[in-house]
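Student: Numbering (our numbering), first residue to last: 100 to 202.
1. What is the C-beta distance between residue 111 and residue 138, in whole angstroms, given that I count them as a contact (C-beta under 8 Å)?
2. Buried or exposed: residue 161, going by 16 or more other Cβ atoms within 10 Å of its Cβ?
3. Rounded to whole angstroms, how far is the Cβ of residue 199 from the Cβ of residue 171, which I believe are closer than 8 Å?
4. Measuring CB to CB, does residue 126 end up less than 9 Å from residue 177?
5. In three-state terms, what does DSSP make of residue 196?
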């Protein structure tokens with residue numbers, strides 16, 4: 100319902116704040132990237148609200164998907180998974196991390 104749309108919009112705003120913190124706290128990149136990936140379906144800005152409706156996020160957004168991809172790429176770097184030749188590739192769960200980048 101309308102409460103759900105409002106909560107999604109609030110959560111999206113919070114995720115954008117967390118994404119902005121990634122340069123200072125790179126460890127956030129994977130989790131925030133995964134959460135933003137889910138928000139791809141709801142878009143990146145609310146529809147205009149009428150007097151009888153609350154604002155809601157509207158449609159799939161390429162902008163949100165690019166943000167999620169960028170964060171997943173950062174997560175690969177943070178984990179040391181940006182080199183496929185690393186001996187620790189499997190122990191760092193790099194195949195799992197790469198999978199989310201390709202999604």
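The C-beta atom is built at its ideal place from N, Cα and C for all residues, glycine as well.
Tutor: For this structure:
1. Confirmed, Cβ separation roughly 5 Å.
2. The residue in question, residue 161, is exposed, as its Cβ has fewer than 16 Cβ neighbours within 10 Å.
3. With 8 Å as the limit, residue 199 and residue 171 qualify as a contact, their Cβ atoms being about 5 Å apart.
4. Against a cut-off of 9 Å, the Cβ pair of residue 177 and residue 126 comes out as a contact.
5. Residue 196 sits in a helix when the DSSP states are folded into three classes.
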